[in-house]
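Q: If you're matching them up, the sequences are chains A and B in order.
The numbering of the first sequence is the working numbering, which starts it at 1 and goes up by one.
The numbering of the second sequence is the working numbering, which starts it at 103 and goes up by one.
Using N, Cα and C, we set each Cβ at its ideal position, and we do this for glycine too.
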Amino acid sequence: MNTQFKKGALELCVLSQLVQGDKYGYELTERISVEMSIAGGTLYPILRKLKDDDYVTTYLIESESGPARKYYRLTEKGVQYQKALKQEWEDFIQAVNNLMRD
Amino acid sequence: MTKSEYLSALKHKLESFNMELQQEIMEDYEQHFAEGLAAGKTEDEIIEELGSIEDMIQELPEEDMKQEIQAMDNVSRKNSTYEGEYKAIAIEGLVADVYLEGSDDGCISVDYQNDGDAYIQQKYRFYQYEENGVFHVGVKDSGERKDKKKIILFGKTILSYNSMTQCNGNIQLTVRIPAGIPRVEAVTLSGDLDVRGVRTNQLELKTTSGDMNLDDMESAGMSFQTASGDIDLTGARAETVRMQTASGDIEVSDLTAATLTAGTGSGDMEIEGSLEEYIIKTGSGDVELKAESGVRRINVTTGSGDAELDLTRVGGAEVHATVGSGDCAIYGADGEQHQVTCGSITVGNGDCKVSVRTGSGDVEVRC
Numbered sequence: 001m002n003t004q005f006k007k008g009a010l011e012l013c014v015l016s017q018l019v020q021g022d023k024y025g026y027e028l029t030e031r032i033s034v035e036m037s038i039a040g041g042t043l044y045p046i047l048r049k050l051k052d053d054d055y056v057t058t059y060l061i062e063s064e065s066g067p068a069r070k071y072y073r074l075t076e077k078g079v080q081y082q083k084a085l086k087q088e089w090e091d092f093i094q095a096v097n098n099l100m101r102d
Numbered sequence: 103m104t105k106s107e108y109l110s111a112l113k114h115k116l117e118s119f120n121m122e123l124q125q126e127i128m129e130d131y132e133q134h135f136a137e138g139l140a141a142g143k144t145e146d147e148i149i150e151e152l153g154s155i156e157d158m159i160q161e162l163p164e165e166d167m168k169q170e171i172q173a174m175d176n177v178s179r180k181n182s183t184y185e186g187e188y189k190a191i192a193i194e195g196l197v198a199d200v201y202l203e204g205s206d207d208g209c210i211s212v213d214y215q216n217d218g219d220a221y222i223q224q225k226y227r228f229y230q231y232e233e234n235g236v237f238h239v240g241v242k243d244s245g246e247r248k249d250k251k252k253i254i255l256f257g258k259t260i261l262s263y264n265s266m267t268q269c270n271g272n273i274q275l276t277v278r279i280p281a282g283i284p285r286v287e288a289v290t291l292s293g294d295l296d297v298r299g300v301r302t303n304q305l306e307l308k309t310t311s312g313d314m315n316l317d318d319m320e321s322a323g324m325s326f327q328t329a330s331g332d333i334d335l336t337g338a339r340a341e342t343v344r345m346q347t348a349s350g351d352i353e354v355s356d357l358t359a360a361t362l363t364a365g366t367g368s369g370d371m372e373i374e375g376s377l378e379e380y381i382i383k384t385g386s387g388d389v390e391l392k393a394e395s396g397v398r399r400i401n402v403t404t405g406s407g408d409a410e411l412d413l414t415r416v417g418g419a420e421v422h423a424t425v426g427s428g429d430c431a432i433y434g435a436d437g438e439q440h441q442v443t444c445g446s447i448t449v450g451n452g453d454c455k456v457s458v459r460t461g462s463g464d465v466e467v468r469c
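1. Hey, Ala423 (chain B) and Val458 (chain B) are a contact pair by Cβ (cut 8 Å); roughly how many whole angstroms apart?
2. To which residues does DSSP link Thr302 (chain B) through a beta bridge?
3. Quick one: which unbroken alpha helix (DSSP H) runs of 4-plus residues sit fully inside the stretch 18-43 of chain A? Chain order, please.
4. What is the residue span of the alpha helix (DSSP H) that Asn98 (chain A) lies within?
5. Identify whether Asp249 (chain B) lies in helix, strand or coil by the three-state DSSP scheme.
6. Between His114 (chain B) and chain A, is the shortest Cβ-Cβ distance under 9 Å, so that the two count as touching?
7. Can you tell me where the alpha helix (DSSP H) with Glu122 (chain B) in it begins and where it stops?
8. Please report the Cβ distance between Met319 (chain B) and Ile333 (chain B), rounded to the nearest whole angstrom; I am assuming they are in contact, meaning their Cβ atoms lie under 8 Å.
9. Could you spell out the range, first to last residue, of the alpha helix (DSSP H) harbouring Met158 (chain B)?
10. Nearest-angstrom Cα distance between Gly41 (chain A) and Leu10 (chain A)?
11. Counting only beta-carbon separations shorter than 9 Å, does Asp146 (chain B) have a partner in chain A?
12. What distance in whole Å lies between the Cβ atoms of Leu15 (chain A) and Tyr81 (chain A), which are believed to be in contact at a cut-off of 8 Å?
13. Quick one: any contact between the stretch 276-285 of chain B and the stretch 297-313 of chain B, if contact means 3 or more CB pairs under 8 Å?
14. Kindly examine the ligand PLP and report whether one of its heavy atoms sits closer than 8 Å to the Cβ of Gly235 (chain B).
15. Would you please state the rounded distance, in angstroms, between the beta carbons of His134 (chain B) and Gly25 (chain A)? I believe it to be under 8 Å.
16. Taking DSSP as the reference, what is the three-state secondary structure of Lys189 (chain B)?
17. Residues in the stretch 59-73 of chain A with C-beta within 8 Å of chain B's C-beta atoms, listed in sequence order?
18. Could you please give the first and the last residue of the uninterrupted alpha helix (DSSP H) stretch that includes Lys225 (chain B)?
19. Give a yes or no on whether the minimum CB-CB distance between Thr29 (chain A) and chain B is below 9 Å.
20. What does Lys70 (chain A) pair with, by DSSP beta-bridge criteria?
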């Protein structure tokens with residue numbers, strides 16, 4: 001799969017997954033890897049930037065059988081941002097489709 | 103590659119970023135490994151899935167890189183606190199007086215005050231930054247560099263510095279240092295160094311003309327160097343202590359350590375401590391040394407300076423004296439006086455080996 005496409009869309013993928021519910025880092029990398037091959041590590045800078053920009057917050061949940069898990073949750077600002085990005089994406093797809101038809 | 107090799111490489115590559123990012127990313131990766139292993143994957147599989155460390159580093163936000171030198175804001179008063187684990191703290195005072203104190207809240211706190219006139223305020227700027235785990239803080243000269251000057255002692259350059267404007271007490275830099283930072287170093291040119299209550303492993307202080315006042319310090323290794331400044335140490339516990347001045351005086355009391363190596367050119371020395379070994383040298387400076395029981399070796403060498411050794415608490419010594427044109431008197435525990443110009447005398451149990459050499463200085467040893 002084209003790396004440029006992946007890079008551009010990864011932030012939207014992460015945000016869209018979080019819209020469906022809070023997730024922890026490993027969970028996100030697993031879910032996204034099902035659909036496309038990515039270097040799991042590259043998700044962490046994206047998550048960090050989202051947190052720096054206040055689109056997500058994090059919280060820890062202790063687990064009996066393993067390490068504590070850091071969950072990511074969309075803020076209100078993040079929800080708005082995901083909506084805006086999703087619209088931009090759909091517009092973009094439409095534009096590319098139009099150009100391919102000729 | 104194993105998990106610990108991978109994480110180790112990651113930690114190394116993260117060093118150009120600030121402490122907070124380093125900690126967070128390391129935690130993320132630790133958690134990721136833990137989840138993967140709990141799900142039954144092997145370390146190799148997880149590493150394969152995580153991918154290239156370099157690629158990930160490229161994606162980290164630039165704003166989180168190590169803080170830039172904050173030198174160019176015309177700050178005349180600044181007060182800040184820093185958390186985090188540093189492997190060293192490096193303080194540069196220049197003309198500022200530097201106060202170092204121990205802090206008990208686990209944080210480094212910095213207080214900077216520049217009360218000089220407009221010229222001084224503009225010329226000397228405060229800076230702080232961290233790089234590779236080292237916390238740097240100090241004062242920079244924002245003017246042009248002039249020719250470097252050097253102080254040479256016994257054929258070795260011990261300090262080199264830029265010629266500086268006089269600045270008396272206008273600039274003060276106070277740094278509170280928590281215990282546990284392995285290395286503390288501070289350098290000034292004309293500023294004084296006042297250090298108390300600092301706990302570290304390697305302590306290195308240097309000044310050209312500033313004085314050093316040191317109290318209540320603990321560090322395995324200590325090294326103090328001045329050119330014309332005096333060194334006044336009241337209370338320290340260490341393994342190895344080194345002191346060097348050119349014309350400054352040295353005064354030491356309440357020092358507990360294994361070895362003290364101290365030298366001056368023309369400065370005088372007054373030393374009182376519980377050490378195992380003293381190695382003392384002066385040129386024209388006088389030496390007054392009082393040792394406690396437990397001392398095993400004392401070596402004193404002067405040129406024209408006098409040497410006075412008080413070994414009354416030592417319980418006995420084997421004294422070798424070599425005196426040029428000075429007088430030499432050695433008093434035994436019985437008050438009996440022995441005159442020697444060159445030779446050795448054993449008093450008491452002789453466990454402590456004492457060697458005194460002077461050129462034209464006088465020698466007096468009391469056992």
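A: Concretely, from the data shown:
1. Translated into positions along the second sequence, residue 423 (chain B) becomes position 321. Translated into positions along the second sequence, residue 458 (chain B) becomes position 356. At roughly 5 Å, the Cβ-Cβ gap stays under 8 Å, so Ala423 (chain B) and Val458 (chain B) are in contact.
2. Here residue 302 (chain B) is taken as the residue at index 200 of the second sequence, counted from 1. Answer is B:Ser321, bridged to Thr302 (chain B).
3. The qualifying runs are 25-35.
4. The residue given as residue 98 (chain A) occupies position 98 in the first sequence. Run containing Asn98 (chain A): Glu76 to Arg101, per the alpha helix (DSSP H) assignment.
5. For the purposes of this step, residue 249 (chain B) is taken as residue 147 along the second sequence, with counting starting at 1. Note that Asp249 (chain B) scores 45 on pLDDT, short of 50, meaning its location in the model is unreliable; the coordinates nonetheless yield the value given after this. Three-state DSSP puts Asp249 (chain B) in coil, outside helix and strand.
6. On the second sequence, residue 114 (chain B) is found 12 positions in, with the first residue counted as 1. For His114 (chain B), the answer is no, since every Cβ of chain A falls outside 9 Å of its Cβ.
7. Numbered from 1 along the second sequence, position 20 holds the residue referred to as residue 122 (chain B). Start and end: Met121 to Ala140.
8. Working through the second sequence from its first residue, we reach residue 319 (chain B) at position 217. Working through the second sequence from its first residue, we reach residue 333 (chain B) at position 231. Met319 (chain B) to Ile333 (chain B), Cβ: 12 Å. No contact.
9. The sequence position of residue 158 (chain B) within the second sequence is 56, counting from 1. That run of the alpha helix (DSSP H) goes Ile155 to Gln160.
10. Here the question's residue 41 (chain A) lines up with position 41 in the first sequence. Here the question's residue 10 (chain A) lines up with position 10 in the first sequence. The straight-line gap from Cα to Cα measures roughly 12 Å.
11. The residue you call residue 146 (chain B) lines up with position 44 of the second sequence. Output row for Asp146 (chain B): interface = no.
12. The residue given as residue 81 (chain A) occupies position 81 in the first sequence. The residue given as residue 15 (chain A) occupies position 15 in the first sequence. Taking a contact as a CB-CB distance under 8 Å, the pair Tyr81 (chain A) and Leu15 (chain A) counts as one, their CB atoms being some 7 Å apart.
13. The stretch 276-285 of chain B, when compared against the stretch 297-313 of chain B, does touch it at the 8 Å Cβ threshold.
14. Although the ligand PLP was asked about, the structure shown includes no ligands whatsoever.
15. Numbered from 1 along the second sequence, position 32 holds the residue referred to as residue 134 (chain B). Numbered from 1 along the first sequence, position 25 holds the residue referred to as residue 25 (chain A). For a cut-off of 8 Å, the C-beta gap from His134 (chain B) to Gly25 (chain A) is around 6 Å, short enough to register as a contact.
16. Taking the first residue of the second sequence as position 1, residue 189 (chain B) is located at position 87. DSSP places Lys189 (chain B) in coil when its eight states are reduced to three.
17. Those residues of the stretch 59-73 of chain A that come within reach of chain B (Cβ to Cβ, closer than 8 Å) are Ser65, Gly66, Pro67, Ala68, Arg69 and Lys70.
18. Position 123 of the second sequence, counting from 1, holds the residue named residue 225 (chain B). From DSSP, the alpha helix (DSSP H) with Lys225 (chain B) extends over Ala220 to Lys225.
19. For the purposes of this step, residue 29 (chain A) is taken as residue 29 along the first sequence, with counting starting at 1. At least one CB of chain B lies nearer than 9 Å to the CB of Thr29 (chain A).
20. Counting from 1 along the first sequence, the entry for residue 70 (chain A) is found at position 70. Lys70 (chain A) pairs with A:Leu60.
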